[in-house]
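Here is the structure we will look at.
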Amino acid sequence: MQKFKVIKTDKKSKARRGILQTAHGKIQTPFFMPIATSGAVKTVTPEEVKKCGAQIILSNTYHLMLRPGMPVIKKAGGLHKFMNWSGPILTDSGGYQVFSLSKIRKIKNSGVEFQSHLDGSKHLLTPEKAIKIQETLGSDIMMVLDECPKYPVSKSYARKSMELTTTWAIRSKRAHSNKNLLFGITQGSTYKDLRIQHVRELVKIGFDGYAVGGLAVGEPVQKMYQVLDWVVPELPENKPRYLMGVGKPEQIIEAVKRGVDMFDCVIPTRNARHGTLYVWGNKLGGARAFARAWLKQGLQSTPLGGKFYQELRIKQSKYRLDIKPVDPQCNCELCQNYSRSYLRHLFMTNEPLALRLATLHNVNFYLRLMELIRKGI
RNA sequence: GGGUGGGUACCAAAGCGGUCAACUGGAUCAGACUGUAAAUCUGAUGCCUUCGGGCUUCGGGGGUUCGAAUCCCUCCCCACCCA
C-alpha cells in the first residue's frame, strides 16, 4: 500500500502537495507539527491544538522514556490515549538530545548513554530501544536514532558520525516490528559529498520517509538551503521529506520550495511563552494569491523587506497602551477577544493565561501559514 | 515625655574608614530563542564620554581624616517598646 501520495506539484518550484496516510488518519502535506515533547504542547490542551488546525503533533522518545516511563504509557494504552490526542503523532528518537544534551551523554557504538538530567541515573538508548519505545508509545511516524552533530564539525568527525548513524539506521529498521511508519534521518553536516553519500545510503536501506537532520544547529541559513539543494534531489519522489527542527516562517517556505513536506519547530510555542508573537505583515485577503507569490517570487520581492510577517515582542513598553488586537487579521482566541495592552499586562504580571493565549496565537499562525502554502501550490 | 533600632540608587536590602557609582533580589528596559533540561537565558538600569576616563551620589547641615556611605556633633524623619 502506498502511504504517501503526491497530488500536485508546483510549476515554478519543487514544492508539492500530498497526502500522508498514518495509523491515525491522513495528513495534508506540507505540514507543520507543533511540539509536545513530554506529551503536551506546553500550556494548551490537545483539543485547542486541534482547533488551531494541527493535523499532527511531535513528541519525544528520550523525554517520555524518563518521564513518565513506559509502564505508565502501557497502562494508559499508548501515548494517544494517555494525552487524549487522537490524531497522528510523530516521535523523535532522542537523536536531537545527543545534540542538545551533549554535556550529559556519551556516544557509543551500541547507542547513546545519557545521564538523566532529572536524577543522574544512566540510560543507554540504543537504536533498538528507541524503536521499541516508539512502538510502545504508539507513534505513527517513528524516527531512527541518529547522531545530530553540532555545527561546525570537522569533516572527519562528520564522516564518522554519519557512518555511525547509518549503522544505527540499519539496526533501527531491523528492530522495527509494527506497521507504523519509520523514517530515516540523513546527516553529513554541511559537506556536500557526505550529505549526498548519506542520503544514498539511507535510500538504499529504504524507509517510509526521509528526514534531513543536523540542520538549524547554528550554521548560516544559506548553508541550510544549500544542503537541501544537495539532498532533496537524491530522495525518492514518492516518499515524504521532513526537515527536522525548522524553523522560521520564511525558512519553511524556502524549504517547501525545495521540495520538503514536513516541519516541526519549537519556535512558535517557545517564543510564545517568551513573549514573541507572529503577526501577518500584509493583507491576508487574497491569501491564495499571496501564498503563491511567496512560493514563486521568493521572499526578496515580498513586502516588509523580504518578510511577510512581523515578530511582535509584546513585552515592549510601546504596547502598554495599545488596545489593538495582536493581529487584527487573526481569528484566534487571543486576537478575537483581547488587546495588546492586556496581553502585555498578562506577561508583565506573570499570569499563566499570557502563555496560553500567546501559544494559541502562534500555533494558529504557523498552521495558517501551512494552509496558505498548501493553497499556493 | 523616656528608651531602642533605623534612614543607602525606582523598590527592598548589603556595605560600617581606602580595592564603592556601591553586593544581592525585585521592578523596569532591550535582546536571544530552530528534531524543547527553556513560563528560559543574556545584557542594561546616577550623569557625561572622543569608551581611556570624567563628574555628582548613600536623610539635611557641620566636623575629624591624606581619604567618609562607613567615625564625631547637630537637626529632621521613620519603626517598635515603656509612660
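Just so you know, full-length UniProt numbering puts 38 at position 38 of the first sequence, and the rest follows in order with no gaps. Quick reminder that beta carbons are idealized off the backbone N, C-alpha and C, glycines included. Here the structure is a predicted model, which means the values were calculated and not measured.
Test item: CB-CB of Gly-281 and Gln-310 under 7 Å: yes
First and last residue of the uninterrupted beta strand (DSSP E) at Phe-183: 181-186
Beta-bridge partners of Arg-67, as assigned by DSSP: According to DSSP, Arg-67 bridges with nothing at all.
Residue closest to Pro-71, alpha-carbon to alpha-carbon, out of Asp-322, Leu-369 and Lys-132: Lys-132
Residues that DSSP places opposite His-123 in a beta bridge: For His-123, the pairing in a beta bridge is given by DSSP as Phe-114.
DSSP three-state assignment for Thr-269, whether helix, strand or coil: helix
At least 3 beta-carbon pairs within less than 8 Å: the segment 332-339 vs the segment 236-253: no
Closest by C-alpha distance to Leu-228, when choosing among Cys-148, Leu-321, Val-203 and Gln-187: Gln-187
Close-in-space but distant-in-sequence residues of the same chain around Val-153 (CB under 8 Å, 5 per side omitted): Ser-161 and Ser-189
Gln-329 versus Leu-372 - alpha carbon distance: 14 Å
Uninterrupted beta strand (DSSP E) stretches inside the segment 211-254 (no shorter than 3 residues): 241-243
Strand pairing of Glu-128, partner residues [DSSP]: Note: Glu-128 sits in no beta bridge, so no partner.
Residue range of the unbroken alpha helix (DSSP H) whose run includes Gln-197: 192-205
Given 8 Å, three or more beta-carbon pairs between the segment 260-268 and the segment 111-119: no
Beta strand (DSSP E) segment containing Arg-313, residue limits: 309-313
Burial state of Asn-350, where buried means 16 or more other Cβ atoms lie within 10 Å: Around the C-beta of Asn-350, fewer than 16 other C-beta atoms lie within 10 Å, and the residue is accordingly described as exposed.
Residue of Leu-346, Gln-55 and Ser-38 minimising C-alpha distance to Gly-87: It is Gln-55.
Arg-16: first and last residue of the uninterrupted beta strand (DSSP E) it sits in: Unbroken beta strand (DSSP E) run through Arg-16: 16-22.
7 Å Cβ cutoff met for Ile-205 and Ile-170: yes
Same chain, Cβ closer than 8 Å to Ser-301, five either side skipped, listed in chain order: For Ser-301, the predicted structure reports a pLDDT of 49, less than 50, and the residue's modelled location is therefore unreliable. The matter cannot be settled from this model.
Which of helix, strand or coil DSSP assigns to Gly-285: Because Gly-285 sits at a pLDDT of 49, beneath the cut-off of 50, its placement in the model cannot be relied upon, and the following sentence gives the value as read from the coordinates. Note: Gly-285 maps to coil in three-state DSSP.
C-alpha distance - Gly-285 paired with Leu-66, whole-angstrom precision: Legend: pLDDT at Gly-285 = 49, less than 50; position of this residue unreliable, no value from coordinates given.
Stretch-stretch touch, CB-based, cutoff 8 Å, three pairs: the segment 38-54 with the segment 8-27: Judged by Cβ distances under 8 Å, the segment 38-54 makes no contact with the segment 8-27, as fewer than three pairs qualify.
Pairwise C-alpha distance: Tyr-342 and Thr-167: 53 Å
Where Trp-85 sits in the DSSP three-state scheme: In the structure shown, Trp-85 sits in coil (DSSP, three-state: anything other than H, G, I, E or B).
Neighbourhood of Asn-362 by C-beta, 6 Å cutoff - its chain only, sequence neighbours within 5 removed: Pro-268, Ala-272 and Tyr-278
Through-space distance from Tyr-210 to Asn-233, alpha-carbon basis: For clarity, residue 233 is Pro in the given sequence; the question names Asn instead. Their Cα atoms are separated by approximately 12 Å.
Coil, strand or helix - Arg-258 by DSSP: coil
Closest by C-alpha distance to Leu-125, when choosing among Arg-374, Ser-93 and Ala-36: Measuring from the Cα of Leu-125, the nearest candidate turns out to be Ser-93.
Residues that DSSP places opposite Met-142 in a beta bridge: Answer by DSSP bridge pairing, in chain order: Thr-91 and Leu-182.
6 Å CB neighbourhood of Gly-78 in its chain, flanking five on each side removed: Gly-138
Whether Leu-243 touches Val-199 by CB criterion (7 Å): no
From Gln-2, Gly-25, Phe-4 and Phe-32, residue whose alpha carbon lies closest to that of Arg-374: Phe-32
Leu-277: first and last residue of the uninterrupted beta strand (DSSP E) it sits in: 276-280
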